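Report on the following structure.
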Amino acid sequence: LSIMIAIKAFDLPFFMFDESNSNFTSSRGAWLAYEKACVPKQENVRELNRLYTLWRTIRWTLPETYGGTGEIRLPRNITLRQLQGRWIPRGTPWWKPEEEITTDLMMVACGAMTLQEMCDKRGMGIWEDNVRDIAAELKLAQQAGLALVFNQGKLPVSLRFNSDLPSGQAA
Numbered sequence: 006l007s008i009m010i011a012i013k014a015f016d017l018p019f020f021m022f023d024e025s026n027s028n029f030t031s032s033r034g035a036w037l038a039y040e041k042a043c044v045p046k047q048e049n050v051r052e053l054n055r056l057y058t059l060w061r062t063i064r065w066t067l068p069e070t071y072g073g074t075g076e077i078r079l080p081r082n083i084t085l086r087q088l089q090g091r092w093i094p095r096g097t098p099w100w101k102p103e104e105e106i107t108t109d110l111m112m113v114a115c116g117a118m119t120l121q122e123m124c125d126k127r128g129m130g131i132w133e134d135n136v137r138d139i140a141a142e143l144k145l146a147q148q149a150g151l152a153l154v155f156n157q158g159k160l161p162v163s164l165r166f167n168s169d170l171p172s173g174q175a176a
């Protein structure tokens, strides 16, 4: 009984405690419900981390005469408001990678999700950094005489490059 109460208190699906009572479909459904239950908790932790980081940053940048540690000196033209950061929960592992990436890209194409949100959801880092890294890798491969070709046939049309579309058709 106490195990059941603990499982309910943390919104954990029962299959995480005892996998013998579930099949793939029921455990997948329970996992999706668990992910949804985690969202408000993740938002609370994200806000707590944001406030803690702000407090620490103020302490580090304040001189000792004002109660800070003075460990960090910002350049004159930078204020605390200009410092930015984000707390991102770990991504969820893939069940069916091909279907999930296609679905995520369709959500981006219809405006329901940004590319950065897709990266956050899957734990794939910062989107701009990924694009920069891929561009550098493609440039290096081209300089080495290696032709890397990606099949974009499964991407939603609005995400394809204009050069990939038949002439006269816009993305």
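If you read the sequence shown in the numbering used here, its first letter stands for residue 6, the second for the next number, and so on. By construction, the Cβ of each residue, glycine as well, lies at the ideal position given by its N, Cα and C atoms. Source: prediction; values computed, not measured.
Just reading off the alpha helix (DSSP H) that residue i is part of, what are its end residues?
| i | result |
| --- | --- |
| Ser-31 | 29–66 |
| Glu-104 | 102–114 |
| Met-9 | 7–14 |
| Ile-139 | 132–148 |
| Met-123 | 120–127 |
Are residue i and residue j touching if we call contact CB-CB under 8 Å?
| i | j | result |
| --- | --- | --- |
| Arg-127 | Trp-92 | no |
| Trp-132 | Leu-120 | yes |
| Gly-150 | Met-129 | no |
| Asp-16 | Ala-35 | no |
| Leu-67 | Gly-75 | yes |
| Arg-33 | Trp-100 | yes |
| Phe-22 | Ile-12 | yes |
Applying the 10 Å Cβ sphere with the 16-neighbour rule, what's the burial state of residue i?
| i | result |
| --- | --- |
| Met-123 | buried |
| Val-154 | exposed |
| Ala-176 | Confidence at Ala-176 is low in this model, with a pLDDT of 46, below 50, so the placement of that residue should be treated as unreliable; the coordinate-derived value is given next. Ala-176 comes out exposed. |
| Glu-104 | exposed |
| Asp-125 | buried |
| Val-113 | buried |
If residue i sits next to residue j, beta carbons under 8 Å apart, how far is it from one beta carbon to the other, in whole angstroms?
| i | j | result |
| --- | --- | --- |
| Trp-60 | Gly-73 | 11 Å between Cβ atoms; not a contact. |
| Ser-31 | Phe-20 | 7 Å |
| Leu-88 | Thr-62 | 6 Å |
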